[in-house]
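Residue numbers (my numbering): 60 to 212.
In this text, a Cβ means the ideal position worked out from N, Cα and C, and glycines have one as well.
As the structure is a computational prediction, the values presented were derived from the model and not from experiment.
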Amino acid sequence: MTQNMAQIQIVYGSNSGNTKMVCEYIAAFLSEHGHLVKIDRCEHYPEDKLSGHDLLILGCSTYEHGALEDHFRYSFWPRIQDIDLAGQKAAVVGLGDSKYDTDYNIESGRILAKYIEEHNGELVHENLMINKCPLSQLEHKVKIWVEDLNKKI
Ligand SMILES: Cc1cc2nc3c(=O)[nH]c(=O)nc-3n(C[C@H](O)[C@H](O)[C@H](O)COP(=O)(O)O)c2cc1C
C-alpha cells in the first residue's frame with residue numbers, strides 16, 4: 060500500500076541541544092518516508108501557524124523541577140495559550156533526566172500532552188519520553204516510536 064504524503068510541523072524548545080537532536084532525527088525519518096516535514100525552534104515560530112497541519116509534533120525538555128525549557132516557557136508558552144487546536148492531530152516529545160528530579164522526571168512531556176488536550180487537539184500516539192542523554196536511544200527507542208507514529212499518519 061502506498062502511503063499518503065503528510066504535511067508535518069515539528070516545533071521544539073531545547074537548551075543544550077538534546078531535544079533538537081531527537082526532533083531532527085524524527086524529522087529526517089519522516090522525510091525519508093515521503094512526508095513533507097518542517098522543523099522550527101519554538102522561539103522563532105509564529106503561534107498562529109500552530110494548527111492546520113496533518114500532524115503537529117511538539118518537543119521540549121524539562122528544567123527547574125518540572126518546568127518547560129526556558130525558550131518554550133518564556134518565549135513560546137505565553138503566546139500559545141489562546142490557540143485552538145480543534146481537529147489538529149498531534150504528538151509529543153519530552154526529555155528529562157531523573158538525576159535532576161525523580162518527582163518531575165520528563166514533566167515537559169506531560170505538560171505538552173495536557174496542553175494539546177486542553178486546547179482541543181488530538182493526540183494520535185503515546186508521548187515519546189526520553190530520560191537521560193538521547194544519543195544512544197536514537198536508533199532504538201526514538202526509531203521505534205517514529206516507526207509506530209508513521210503507521211498512524
Ligand atoms: C539545571 C538543570 C535542571 C534540570 N531539571 C530537570 C527536571 O526537573 N526534570 C527532568 O526530568 N530533567 C531535568 N533536567 C534534565 C534535562 O531536561 C535533560 O538534560 C535534557 O536532555 C536537556 O534537553 P535540551 O538539551 O534539549 O534542553 C535538568 C537539567 C539541568 C541542567
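| Asked | Found |
| --- | --- |
| Buried versus exposed, by CB contacts within 10 Å (16 or more), residue 161 | exposed |
| Same chain only: Cβ atoms within 8 Å of residue 189, ignoring 5 sequence neighbours per side | 77, 81, 152, 153, 154, 155, 165, 196, 200, 201 |
| For residue 68, the residue or residues it bridges with in DSSP | 97, 115 |
| Extent of the continuous beta strand (DSSP E) run through residue 168 | Segment 166-177 is the alpha helix (DSSP H) holding residue 168; no beta strand (DSSP E) there. |
| Euclidean distance between Cα positions of residue 96 and residue 142 | 22 Å |
| Sub-8 Å separation of residue 92 and residue 186 beta-carbons | no |
| Residue 183, DSSP secondary structure in three states | coil |
| Bounding residues of the alpha helix (DSSP H) (the contiguous stretch that carries residue 205) | 202-211 |
| Which of helix, strand or coil DSSP assigns to residue 142 | coil |
| Whole-angstrom C-beta distance between residue 115 and residue 68, which should lie under 8 Å | 5 Å |
| Spatially closest choice to residue 168 from 113, 75, 111, 117, by CA coordinates | 117 |
| Short Cβ contact (8 Å threshold) for residue 180 with residue 140 | no |
| DSSP state of residue 148 mapped onto helix, strand, coil | strand |
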